[in-house]
């Protein structure tokens with residue numbers, strides 16, 4: 175069918191796949207270049223479909239050019255020399271390095287560039303002189319983007335390019351917009367002087383970095399520059415809550431000129447939320463939208479729409495507080511607005527909105543208890559979460575209301591109490607009596623009592639228990655003579671347990687035939703008696719994770735849990751020692767190990783050689799005679815693999831990956847992506 179489409183239609187379709195988002199092209203202050211991640215799809219593959227697609231897609235492909243390696247610069251310079259007509263298609267050009275003569279040749283061959291971006295993260299061995307010599311005279315862009323990413327390395331290349339860019343800002347009189355990383359302004363160097371003296375620059379855009387630019391800098395920029403608009407990449411709410419201006423208004427810290435010029439970024443999640451203008455409340459509660467349709471059809475349509483709204487809100491609530499403006503109620507307002515439209519919407523939305531209930535204050539808990547008394551919504555509640563209950567009022571003040579709520583939720587699937595609340599033995603018994611046959615997930619803090627009679631939860635699949643040191647129960651008892659309290663339990667997590675906690679001994683007496691995952695989180699004492707638990711249930715475990723792992727705890731797992739396939743370790747910033755994995759009897763089931771992040775990759779000041787020697791020694795301990803089934807080692811970090819030739823020359827990870835591969839073990843990052851040797855170090859072929 176594609177051969178029947180007009181070229182204009184085909185171009186519109188291909189442009190969707192070939193276009194580079196402007197937000198990525200203009201990125202100037204992120205922690206990492208948006209083009210540094212590995213891509214699984216190359217847009218240039220579309221040119222290989224047939225000759226017609228090649229002719230239609232070539233202008234679209236060259237419209238935005240991003241150069242990140244010497245090889246890319248060399249190939250593009252050669253292509254433009256062989257076919258000079260390609261240069262007229264280049265509108266946006268971005269360099270993330272110096273690239274010797276190749277960058278200069280590209281700039282000289284591309285006179286139609288309207289947007290030019292360059293990253294100042296140069297290495298000392300880069301050669302930016304050729305580009306500096308021709309940049310000011312070769313192109314006349316309308317927008318200049320000056321990027322600066324994770325590190326800020328002032329060197330001779332950096333200083334030379336800053337001087338040239340400052341001169342370009344003065345010479346490019348057709349340029350009306352300059353976008354740059356906020357951290358560049360903090361230095362108030364030559365670029366500051368150029369921005370504040372260039373009369374033709376109308377807009378200055380500041381990209382967000384680790385923290386917003388100080389109010390003092392913003393005010394000085396607004397007063398000294400002729401720009402009419404200063405767009406900042408952070409919202410007013412996040413700026414107010416950086417810690418510098420927590421108890422005062424942002425407007426009070428900015429000058430009059432800055433308040434007039436600064437345009438704050440709007441959180442993108444807010445634009446899709448219904449507002450009071452979008453859905454005005456109806457004056458007639460009996461008004462029925464789509465009255466001509468049948469009641470069943472209306473119910474089906476509104477249910478699907480409201481479910482989509484609730485799903486969006488669940489995703490939106492994961493947004494950081496800065497992007498939400500610290501308004502926890504913002505994403506729940508639309509539910510109320512929908513219910514105020516008419517009675518039919520109220521009857522449809524109320525059961526749906528009651529499925530997942532999160533109570534963030536003692537007042538909300540009391541209000542929900544009253545709502546249960548007025549409306550028949552208890553059968554619809556599937557999960558109940560107490561978030562920060564007790565932080566605004568003592569928990570004992572609302573404990574009767576909580577007991578009343580729990581006693582009504584007979585179809586509850588998930589329960590999670592707050593950090594400040596917790597349940598005692600009688601309250602947990604009420605929960606088991608009310609929702610024991612339906613409850614599948616329970617995250618609970620156990621309160622201090624002389625003895626704790628743990629009830630039966632026949633449907634429970636996940637149990638997370640916390641027992642703060644001050645609240646540790648004295649003893650545990652079973653309410654079932656055959657210890658069959660948790661027959662369906664698959665995942666067990668323990669947090670904040672004191673030495674000698676009786677809960678572990680209690681778990682060892684239970685029958686847990688389906689237990690597969692065991693997690694030991696923060697706050698669990700190192701000398702917690704786990705051997706009886708492993709002796710009783712170790713044969714059924716297949717996944718194990720622990721924070722701050724010790725040699726003894728790891729040995730116990732590897733020897734007493736013969737069917738462990740996945741091991742997740744966090745050693746508190748320390749590299750696991752080879753002795754931790756030295757076993758007398760082979761562990762034949764282990765297939766996957768998650769190690770802590772490697773500090774020498776995250777921090778350049780670490781002694782890479784000394785640290786990598788420890789990792790190589792650890793790799794030697796993972797021999798096939800002891801771990802014959804081990805296939806994968808995971809280091810959970812997004813930036814594990816080098817993304818540029820510079821990083822490749824300094825990163826020890828490709829060599830370490832090969833070292834493990836020679837032993838039949840694959841090294842992957844947090845997304846389980848292995849190293850793909852696409853790059854070569856400086857001087858080698860691509």
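In my numbering, the protein residues as written are 175 to 860. Note that CB positions come from ideal geometry on N, CA and C, so glycine has one too. This structure is a prediction, so every number in the text was calculated from the model and none was measured.
Contact check, residue i vs residue j, beta carbons under 8 Å
| i | j | result |
| --- | --- | --- |
| residue 831 | residue 822 | no |
| residue 231 | residue 192 | yes |
| residue 320 | residue 287 | no |
| residue 765 | residue 742 | no |
| residue 631 | residue 597 | no |
| residue 267 | residue 239 | yes |
| residue 693 | residue 667 | yes |
| residue 296 | residue 272 | yes |
| residue 530 | residue 557 | yes |
| residue 587 | residue 561 | no |
| residue 770 | residue 800 | no |
| residue 606 | residue 574 | no |
| residue 367 | residue 340 | yes |
| residue 298 | residue 244 | no |
| residue 572 | residue 539 | yes |
| residue 281 | residue 305 | yes |
| residue 804 | residue 796 | yes |
Exposure of residue i, with buried meaning 16 or more beta-carbon neighbours within 10 Å
| i | result |
| --- | --- |
| residue 723 | buried |
| residue 500 | With a pLDDT of 38 at residue 500, under the threshold of 50, the modelled position of that residue is not reliable, and the figure given next carries that caveat. Exposed: under 16 other Cβ atoms inside 10 Å. |
| residue 807 | buried |
| residue 725 | exposed |
| residue 495 | At residue 495, the pLDDT of 42 sits below 50, so the modelled position is not reliable; the number obtained from the coordinates is stated separately. When all chains shown are included, residue 495 counts as exposed. |
| residue 735 | buried |
| residue 161 | This structure leaves residue 161 out entirely; the chain is present only between 175 and 860. |
| residue 464 | exposed |
| residue 437 | exposed |
| residue 279 | buried |
| residue 851 | exposed |
| residue 223 | exposed |
| residue 225 | exposed |
| residue 527 | buried |
| residue 203 | buried |
CA-to-CA distance, residue j to residue i, given in whole angstroms
| i | j | result |
| --- | --- | --- |
| residue 274 | residue 404 | 34 Å |
| residue 614 | residue 635 | 5 Å |
| residue 374 | residue 462 | 57 Å |
| residue 470 | residue 712 | 52 Å |
| residue 302 | residue 234 | 28 Å |
| residue 798 | residue 716 | 20 Å |
| residue 809 | residue 838 | 17 Å |
| residue 370 | residue 431 | 14 Å |
| residue 452 | residue 518 | A caution first: residue 452 carries a pLDDT of 47, below 50, which makes its placement in the model unreliable, though a value can still be read off. Computed Cα separation, rounded: 18 Å. |
| residue 844 | residue 812 | 6 Å |
| residue 498 | residue 407 | Legend: pLDDT at residue 498 = 45, less than 50; position of this residue unreliable, no value from coordinates given. |
| residue 475 | residue 510 | 19 Å |
| residue 428 | residue 365 | 22 Å |
| residue 548 | residue 542 | 10 Å |
| residue 752 | residue 277 | 48 Å |
| residue 553 | residue 466 | 31 Å |
| residue 292 | residue 355 | 11 Å |
| residue 721 | residue 620 | 21 Å |
| residue 253 | residue 260 | 8 Å |
| residue 658 | residue 683 | 10 Å |
| residue 513 | residue 582 | 23 Å |
| residue 445 | residue 662 | Residue confidence is low: residue 445 scores 41 on pLDDT, short of 50, so the model does not pin down where it sits. Its coordinate-derived value is still stated next. Each residue's Cα considered, the two are about 44 Å apart. |
| residue 246 | residue 824 | 20 Å |
For residue i: DSSP bridge partner residues
| i | result |
| --- | --- |
| residue 590 | 559 and 617 |
| residue 806 | 766 and 840 |
| residue 266 | 238 and 289 |
| residue 636 | 615 and 665 |
| residue 742 | 719 and 768 |
| residue 532 | 559 |
| residue 436 | 404 |
| residue 231 | Answer is none; residue 231 lacks a bridge partner. |
| residue 597 | 620 |
Residue i Cβ short of 7 Å to the ligand SAH heavy atom set
| i | result |
| --- | --- |
| residue 631 | Here there are no bound small molecules, and the ligand SAH is not part of this structure. |
Any beta strand (DSSP E) of 3 or more consecutive residues that is wholly inside the stretch 359 to 407: 377 to 381 and 403 to 406
- request: Please go through the stretch 290 to 357 and give each complete alpha helix (DSSP H) segment of 4 or more residues, from N-terminal end onward.
  value: 303 to 312 and 330 to 345
- request: Kindly provide the ranges of any alpha helix (DSSP H) runs that are 4 or more residues long and lie completely inside the stretch 670 to 738, ordered along the chain.
  value: 676 to 682, 705 to 711 and 725 to 734
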